[in-house]
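Here the structure comes first, spelled out in C-alpha cells, and everything after it is commentary.
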RNA sequence: GGUCCUGUGGCCGAGUGGCUAGGCAAAGCUCUGCAAAAGCUUCUACAGCGGUUCGAAUCCGCUCGGGACCU
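Numbering (our numbering), first residue to last: 417 to 718.
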C-alpha cells in the first residue's frame with residue numbers, strides 16, 4: 417500500500433483549521449504555487465444563496481484560482497457527507513487528469529473524513545418517513561424516540577448516544593425505511609485512496625482567533641449580511657440554514673432579540689464553533705500543524 | 001431626615017424554614033450522513049455580621065449596597 421501511494425505521485429493538500437483563521441487565502445497561495453485548483457470542503461459555502469454569512473471567497477479570489485463545491489447547490493437541497501464524498505472524489509479524479517497536486521480547504525471535519533476515509537453507503541430515506549419521524553418526535557418527545565429504538569433496534573440502542581435525538585432519528589428512519597438496523601450498514605472500513613493525502617492544520621491562540629472572529633462578524637454586517645439573511649428567510653427551516661449568522665438574525669427579524677444581541681450571539685456562537693472544530697482536528701494525528709500567522713507555503717510543499 | 005421595596009453563582013432567573021431549580025456564558029469532550037448540526041461532562045450560589053431554630057438563601061436585628069416614594 418505504501419508503494420502504491422508513491423507510484424501514483426498524485427497528491428492532495430488538505431488545509432484544515434478553525435473558522436476565520438485564514439484557510440482561504442492560504443489555500444489560494446498554495447494552489448498558485450502548485451498551479452492547481454481548489455476543492456472546498458465546507459458544508460455551507462456550497463450553497464449559492466449564501467455568500468456573506470458563510471465567508472465565501474471573494475470574486476477576485478474565485479477568479480484567481482478555480483474553486484469547486486462553492487455555490488454549486490441550492491439551500492433547498494439536502495447535502496451531506498455522503499454526497500460530498502462522492503462529489504469530491506469524482507472531482508479529484510477529474511482534476512488529477514491535468515494536475516499532479518490538488519488543494520482542498522475547509523472546516524467541515526466530517527466531510528474531510530468522508531473524503532479521506534470514505535463513509536459507508538446508506539440507504540436513501542423516503543422524505544415522508546423522515547418527515548413523519550420529525551413530526552412524531554416534536555409531538556411526543558425524546559422519551560418516545562428512546563422507547564422506539566430500545567425495543568425495535570436493540571443492537572443500535574446498546575451503542576447509541578441515547579440522549580442525542582438527531583442520531584436516534586437517523587437510526588429510526590433507516591430502520592423504518594429498510595427494516596434493518598443502521599448498525600448493519602456501518603462497516604467503519606477505511607477506504608484506500610489512490611492518491612496521497614497531506615493534511616495541513618492552521619492554528620493560532622484562541623484569544624487571537626476570537627479577535628479575528630469578532631472583526632469578521634462586524635465586516636459581514638457591514639457587507640450586508642442582514643439583507644442576505646432576509647433573502648433566504650423562506651428557507652429558514654432547511655438544514656442548510658441551521659447556520660451561525662443566519663439563525664440569530666432570523667430571531668432579530670422575528671423581533672425576539674435586538675440587533676446588538678443578535679450580533680453578539682453570532683460572535684459567541686462562531687467562537688464556540690471554532691472551538692469544536694479545534695477539538696475535532698486536534699484528534700487527527702495525520703495533521704501537521706503550522707502557525708497561521710507565518711507564511712509556510714515553502715515548508716508545506718517540501 | 002422619613003417611609004417602603006430590594007440584594008441568589010460571570011450574567012439572567014425560580015425558590016420562601018429541611019431534599020444541589022433552570023437557562024446563558026465559560027472549560028473539557030463525543031462524533032458514519034442535518035456536522036456552522038446534534039449531544040455529553042464540569043462549574044453547589046444565596047451581600048456581611050449576629051440572633052431564633054434540631055435545621056435558614058428562606059424568620060428577626062443591625063451594617064453595607066441598589067431602587068421607589070414622602071417632607
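Note that the Cβ used here is the ideal one computed from N, Cα and C, for glycine as well. Since the structure is predicted, the reported quantities are computational estimates derived from the model, not experimental observations.
- Per DSSP, the continuous alpha helix (DSSP H) segment holding residue 500 begins and ends at 497–512.
- Sorting 607, 467 and 554 by C-alpha distance to the C-alpha of residue 533 places 607 at the top.
- Here residue 656 has 463 and 491 as same chain residues with Cβ atoms under 6 Å from its own Cβ, once five neighbours each way along the sequence are excluded.
- Under the criterion of beta carbons closer than 8 Å, residue 443 and residue 519 qualify as touching, at roughly 5 Å.
- Counting of Cβ neighbours within 10 angstroms places residue 560 among the exposed residues, the total staying below 16.
- Here residue 707 is exposed, its C-beta having fewer than 16 other C-beta atoms within 10 Å.
- Nearest neighbour of residue 649 by Cα position, chosen from 431, 637, 638 and 662, turns out to be 662.
- Residue 522 is positioned such that its CB atom lies closer than 9 Å to that of residue 432.
- In the three-state DSSP reduction, residue 489 falls in the strand class (E or B).
- Restricting attention to 548, 505 and 460, the CA atom closest to the CA of residue 530 is found in 505.
- Distances from the CA of residue 664 to each of 678, 654, 501 and 631 were compared; the closest alpha carbon is that of 678.
- Counting along the chain, residue 714 sits inside no beta strand (DSSP E); it lies in the alpha helix (DSSP H) bounded by residues 713–717.
- Segment contact: the stretch 562–570 against the stretch 611–623, fewer than three CB-CB distances shorter than 8 Å; contact not assigned.
- Using a Cβ distance threshold of 9 Å, residue 690 and residue 437 count as a contacting pair.
- A straight line joining the alpha-carbon of residue 613 with that of residue 714 spans about 17 Å.
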